[in-house]
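Here the structure comes first, spelled out in C-alpha cells, and everything after it is commentary.
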Amino acid sequence: MQVISFATNTNLQHYNGEGNCSQLPNCSNLTGVPGLSYLSQMMAVQFLQFTSAATGISVAIAMIRGFIVHSKDLGNFYVDFTRSLTRILLPLCFVASLIFVGLGVPQTLTGYQSITHTVEGATQTILVGPVASLVSIMQLGTNGGGYFGANSAYPLQNPNPASNIFQIFLMLLIPTSLCFVFGQLIGKKRESRPILWGAYALFALDLLIAFTPSFPVVGPGMEVRFGGFFSVFWTVVTTAVTTGSVNTSLSSVNPLVILSAFNGMLIQATPGGKGVGVMYMVMFIVLTVFIVGLMSGRTPEYLGMKITARDVKLVMIAFLVHPVIILIPTVLAFSTGAASAIGVGTNSVGFTQIFYEFTSAAANNGSDFLGASANTPFFNVSTGIVMLLGRFAPIGLLLALGGSMINRKRLTTNVGVRTDSFLFSIVIVGSILVLVLLTFFPFLALGPIREFFQGRVNGF
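Numbering (our numbering), first residue to last: 1142 to 1601.
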C-alpha cells in the first residue's frame, strides 16, 4: 500500500516515519509503529516522490499538446519525464534544500542525537536525518509525505514561520505555473486566464469558508509557533493543491476548515496538483463549453474545435470516477465493521474521518485523520485500490481527450462561446460548484456540515 501511495503522488502514510530506531543504542526501549531507515527515506520515498511529480507534469504537457494547432501526437513520455526531472524538479529542489538548511531544517546522515543534560536530567533523543532534501520535493512535488509522523507540525521539519511560508510557496509554485504554461503552449496566452481565475476564485471561496469568523478557528492542537491563521491557511492550501502535508492536527480544526479541505480535494482544480490540476480545469472547461453551447443554441467549441459527444463522454466518465471510488469504500468501511474495529464511531465525526480517508486517497492528497490506526488489511487494501484508480483512471481518460483533439478540424471563425473572458471564468466556477454540490452535498451534510451545526447547538 505504501509503495502505491508514494508512486501515485498520494503519500498517504499508515506509519510513523521516525518510528524506526536502528540508529539508536536503546532501540528496544522505543515503542510505536516501525518507520524507515535513512536509506529507505532517500532511495525509496524520495525516489518515488520525484518520479510521481514528474509523471504529473509530463501527462499534463501531453494533454495540452492535443489542443495545439497542427500537433501530430501527444509527444514522448520519456522525453517529457526526463525534462521534468532534470530541468524543473532537481534544480528547484536543490535550491530549496539549501534554503531549508539555512532556516534550520536538518540535513545529515549521522545517527539520531542523544541529549543527556535536559532540564529533568533525563536522556532525550533528537530525531534527525536527510530531512531538508525530502521536505523540498515533498512540497514542490505536491507529495505531502513527511519525514516525521507529525509531518510539518514537527519542529525539525518546519521550525519557524519563515520555513512555513516557504513551504506554502513551494506547494503553490508548479500548479500555478502550469496554468500559464497551458496558454503559452497553445499559442494563446489569454486562454490561461479562465484557468487561473477560475482556480483561484475557488481557492478564495475555500478560504472564505475556512475563516468564517463565527466559529473558533482552531483548537488545542494548533502549533503556537504558527498561530491560527497559518494553521488554517496551510490546511486550505495543502488540500487545494492535493499535497496533503499538515502543520496542525486535523482533529483540532473546526468543521468549516474540514469542509473547505473537502472542497479542494473533490474539485481538484483549485488549482489542483501539479499537472493533474490543469488537466481537471480543462476537463471542466470542455464540459462548461458544452453546457453553455446547448443553453445558448450555439455550436459547442473550444479553441476553434467542435466538442463532440465522445469528448463529453470522456470528461463525464473522468468526473464520475471519484464519486464511485470514494463513496463505495466509505459505505463498505461502516457496513463491514472495519471502521468500528479501529475505534471510529458512526456519528458525524466518525463519518467525516472515514469519508475524508477515501476522499484524500482518491484525490491523491494523503492527509488523513486515522494515521497509523488505519494500518489494517481493510484500509491498506481499499485505500491502495482507490489511490491507483484515482490517479491513473482520470489521467488515462483525459489523455484520450487530448488525443481526440489531434488533427481535428479548426473553425476559422469563433461561432461558440468566448473562452478567454472574465465572464466565462465565472461560468466555469458556477458549473464546477453545481457539479460537485449535486454529487457530494448529501455526504458533506452527514459529515462536517452536521458537525458544525451540532457544535453551534451545543454552544461551541
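Note that the Cβ used here is the ideal one computed from N, Cα and C, for glycine as well.
Taken in chain order, the complete alpha helix (DSSP H) segments of 4 residues or longer contained in the segment 1440-1506 are 1450-1476, 1479-1482 and 1489-1503. ASN1150 is a Cβ neighbour of GLY1414, given a cutoff of 8 Å.
In this chain, the alpha helix (DSSP H) harbouring THR1379 covers 1368-1381. If only uninterrupted beta strand (DSSP E) runs of at least 3 residues are considered, those enclosed by the segment 1245-1293 are 1254-1256 and 1265-1267.
Here the alpha carbons of SER1225 and GLY1478 stand approximately 44 Å from one another. The beta carbon of LEU1397 sits closer than 8 Å to those of ILE1350, ALA1351, THR1353, PHE1356, PRO1589 and PHE1593, all from its chain and outside the five residues before and after it, given in chain order.
In the DSSP assignment, THR1524 falls within the unbroken alpha helix (DSSP H) covering 1518-1546. Minimum Cα-Cα distance from ILE1327 among the listed residues ALA1201, GLN1409, ILE1526 and THR1384 corresponds to ALA1201.
Taking PHE1370 as reference, the option from VAL1382, THR1380, ALA1291 and LEU1348 with the minimal CA-CA separation is LEU1348. For ILE1306, the closest C-alpha among the options PRO1271, PRO1247, ALA1480 and THR1379 is that of THR1379.
Note on geometry: alpha-carbon atoms of PHE1460 and LEU1529 lie some 16 Å from one another. Spatial neighbours of THR1493 in its own chain (CB-CB distance under 8 Å, excluding positions within 5 residues in sequence) are listed in chain order as PRO1396, ILE1399, PHE1510, GLY1588, PRO1589 and GLU1592. With a contact defined as Cβ atoms closer than 8 Å, PRO1335 and ASP1561 qualify at about 7 Å. Residue nearest to GLN1182 within the set ALA1194, ALA1203, GLY1286 and THR1449 is GLY1286 (criterion: CA-CA distance). By the neighbour-count criterion, in which a residue is buried when 16 or more other Cβ atoms sit within 10 angstroms of its Cβ, GLU1442 is buried.
Residues SER1277, LEU1281 and LEU1311 of the same chain have their beta carbon placed closer than 7 Å to that of ALA1237, with the five preceding and five following residues left out of the count.
For GLN1154, the closest of SER1514, GLN1595, VAL1575 and LEU1468 by C-alpha to C-alpha distance is SER1514. Only residues of its own chain outside the window of five on either side were considered, and among them TYR1253, GLN1254, SER1255, ILE1256 and LEU1297 have a CB closer than 8 Å to the CB of ILE1267, listed in chain order. Under DSSP, ARG1551 shares a beta bridge with MET1446. Using a Cβ distance threshold of 8 Å, THR1383 and MET1363 do not count as a contacting pair. Under the three-state reduction of DSSP output, VAL1417 falls in the helix class. Under the three-state reduction of DSSP, VAL1365 is assigned to coil, being neither helix nor strand.
Inclusion of SER1393 and VAL1377 in the CB contact set at 8 Å is not warranted, their separation being larger than that value.
When rounded, the separation of the alpha-carbon atoms in GLY1512 and LEU1177 is 16 Å.
Per DSSP, GLY1438 lies in no alpha helix (DSSP H) segment and is marked neither H nor E.
Looking only at PRO1300, VAL1522 and GLY1445, the smallest Cα-Cα distance to ARG1559 is reached by GLY1445.
Three or more beta-carbon pairs separated by less than 8 Å are not found between the segment 1568-1578 and the segment 1481-1492, which leaves the two stretches without contact. If the five residues before and after THR1251 are omitted, its C-beta is found closer than 8 Å to the C-beta atoms of VAL1269, all from its own chain and listed in chain order. Here DSSP, grouped into helix, strand and coil, assigns GLN1409 to coil.
Taking TRP1338 as the centre and dropping the five residues before and after it, the same chain places the C-beta of SER1566 closer than 6 Å to its C-beta, in chain order.
For a cut-off of 8 Å, the C-beta gap from PRO1232 to GLN1248 is around 17 Å, too long to register as a contact. Nearest Cα to ARG1549 within the set ILE1145, SER1212 and ALA1194: SER1212.
The C-beta distance from ALA1148 to SER1199 rounds to 14 Å, too long to meet the 8 Å contact threshold. Burial is judged here by how many other beta carbons sit within 10 angstroms of a residue's own beta carbon; GLY1418 has at least 16 and is buried. The C-beta separation of GLY1385 from SER1274 comes to about 19 Å, leaving the pair out of contact by the 8 Å criterion. Look at ASN1404 here: in three-state DSSP terms it is helix.
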